[in-house]
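The structure appears right after this line, and notes come after that.
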DNA sequence: AGCGGAAATT
DNA sequence: AATTTCCGCT
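In my numbering, the protein residues as written are 3 to 145.
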């Protein structure tokens, strides 16, 4: 159940079982697909925990972008935007401030923080139905 | 580096 | 609506 069919985006097992609905992993041309959002993508990469372009920081929900231009390139690949860069990606992150999805950790370079309570309870697709315990297990993963 | 307005794009 | 693009300002 953790494999992805050919032509589909890779879906890491951890993310697939705990975090995202199926449509987040379908390519744009696939029936029933919806556009993946930036915060889905960030959590997907963070869930891999490989020490790649981004990783978790010290505080609860905090993450550090280790390689901003690499992250932008990966995001651009996912969205089919070959000219994506960190300047533009970071503007999208700043639009999350008013939505209460993210805020900036001031004084720490390339460091942001998820507002998990707002993110999960308000923005998670499918809320409030049967995903609650799955979300809870996701949160315990970070502590 | 980081912010946020403005307009364009999907 | 959620970015993407562009850019002047701090």
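Don't be surprised by glycine CBs; every beta carbon is placed ideally from N, CA and C.
As the structure is a prediction and not an experimental result, all values here were calculated from the model.
Between the C-alpha atoms of residue i and residue j, what's the straight-line distance to the nearest angstrom?
i: residue 85; j: residue 38; result: 18 Å
i: residue 61; j: residue 103; result: 16 Å
i: residue 71; j: residue 92; result: 11 Å
i: residue 113; j: residue 51; result: 16 Å
i: residue 94; j: residue 40; result: 8 Å
i: residue 46; j: residue 58; result: 12 Å
i: residue 109; j: residue 65; result: 14 Å
i: residue 48; j: residue 54; result: 9 Å
i: residue 101; j: residue 111; result: 22 Å
Can you name, in chain order, every residue of its own chain whose Cβ lies under 6 Å from the Cβ of residue i, other than the five neighbours on each side?
i: residue 5; result: Only weak support is given to the placement of residue 5: the predicted model assigns it a pLDDT of 44, under 50, and the value that follows is read from those uncertain coordinates. For residue 5, where only same-chain residues beyond five positions count, there are no Cβ hits under 6 Å.
i: residue 87; result: 74
Excluding sequence positions up to five away, which residues of its chain have a Cβ less than 7 Å from the Cβ of residue i?
i: residue 43; result: 77, 80
Assuming residue i and residue j form a contact by the criterion Cβ under 8 Å, report the distance between their Cβ atoms to the nearest whole angstrom.
i: residue 75; j: residue 56; result: Residue 75 to residue 56, Cβ: 13 Å. No contact.
i: residue 107; j: residue 96; result: Not quite, the Cβ-Cβ distance comes to about 13 Å (not below 8 Å), so this is no contact.
i: residue 63; j: residue 118; result: 5 Å
So what's residue i in DSSP terms, helix, strand or just coil?
i: residue 65; result: strand
i: residue 90; result: helix
i: residue 110; result: coil
i: residue 96; result: helix
i: residue 42; result: helix
i: residue 57; result: strand
i: residue 115; result: strand
In chain order, what residues of the same chain lie with their CB nearer than 8 Å to the CB of residue i, ignoring the 5 residues before and after it?
i: residue 99; result: 105, 106
i: residue 90; result: 74
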